[in-house]
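In our numbering, the protein residues as written are 79 to 366.
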């Protein structure tokens, strides 16, 4: 989206110094980039119900937060979760120190699965609802973990997938990202329950990996209709890009979608409050 701003800036400059060829090229560039960005401001296909119309037990309040492993002060992140009181959280870049900090939230989130790592790919799911048969899986040859769990609640179960693929630094890494997100899509496709995918996907909404994930999974981006909401890099005023996401079924109603405050990470957290489509209660296997 910074290319759109650059193109518009160039067009503005051409008002003072007319250059017909440059104007034509910049206009084409602006149209192409505007086309990719337009969905962010268009209303989603599902109607937005007024927040007051939804009973509290129907809502799901999701937060996805990359805490930045080298951030050795969890105070802001922990205080943020205590204040916001989400129902379920995907936490990325969890090492042993962060795992200990998250365990301190046991009263607020009695159901947890935490898999710390010494690199940037430790992961955790914190939930106020039971996690049924949670699994730690790897979607690509990188071996980086994702968490899949059925979330049990009285108003209807759902599947929650927390994930953090390797960033697309080069061709091989991009291929690994595509494979990883294809694995996520396969889980969604095979699920009889509505699914929520949350995490640092290392992909912008207009990128090929992200578009393929939506096309294969049938999920939609909660940011649609709420504008471009950049999440990284939090320590720089620009350029920032939206790579942290919460994805939901098309029938879900998104009541609110926002970027959270500075928590000391290089990412801003993402908040999404929504109503999922109804799903039948599942059998009652092991809970955590």
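Even glycine gets a Cβ: it sits at the ideal position worked out from N, Cα and C.
Outcome for residue 248 when other beta-carbon atoms lying within 10 angstroms are tallied against a minimum of 16: Looking at its Cβ environment, which holds fewer than 16 other Cβ atoms inside 10 Å, residue 248 is exposed.
Cβ contact check for the segment 199 to 218 and the segment 311 to 331: 3 or more pairs under 8 Å: no
Contact set for residue 296: own chain, Cβ-Cβ below 8 Å, skip 5 residues either direction: 266, 267, 327 and 328
Whether residue 277 touches residue 216 by CB criterion (8 Å): no
Residues near residue 356 by beta carbon distance below 7 Å, same chain, minus five either side: 234
Proximity winner among 336, 344, 138 and 347, relative to residue 232 (alpha-carbon distances): 138
Rounded separation between residue 190 and residue 261 - CA only: 23 Å
Beta-carbon contacts of residue 160 that lie in its chain and below 8 Å, excluding the five residues immediately before and after: 183 and 186
Residue 284 beta carbon near the ligand MN (any heavy atom closer than 7 Å): You won't find the ligand MN in this model; it holds no ligand whatsoever.
Same chain only: Cβ atoms within 8 Å of residue 312, ignoring 5 sequence neighbours per side: 318, 340, 343, 344, 345 and 346
Integer-rounded CB distance, given that residue 259 should sit under 8 Å from residue 290: 7 Å
Neighbourhood of residue 304 by C-beta distance below 6 Å, restricted to the same chain and skipping five residues each side: Answer for residue 304: 335, listed in chain order.
Reduced DSSP category for residue 306 - H, G, I as helix; E, B as strand; rest coil: Of the three classes helix, strand and coil, the one that applies to residue 306 here is coil, per DSSP.
8 Å Cβ cutoff met for residue 252 and residue 243: Contact check for residue 252 against residue 243 fails: the beta carbons are separated by 8 Å or more.
Inter-residue spacing [alpha-carbon to alpha-carbon] between residue 307 and residue 337: 6 Å
Secondary structure of residue 349, DSSP reduced to three states: Three-state result, residue 349: strand.
When 348, 166, 148 and 322 are compared against residue 174, the one with the closest alpha-carbon: 148
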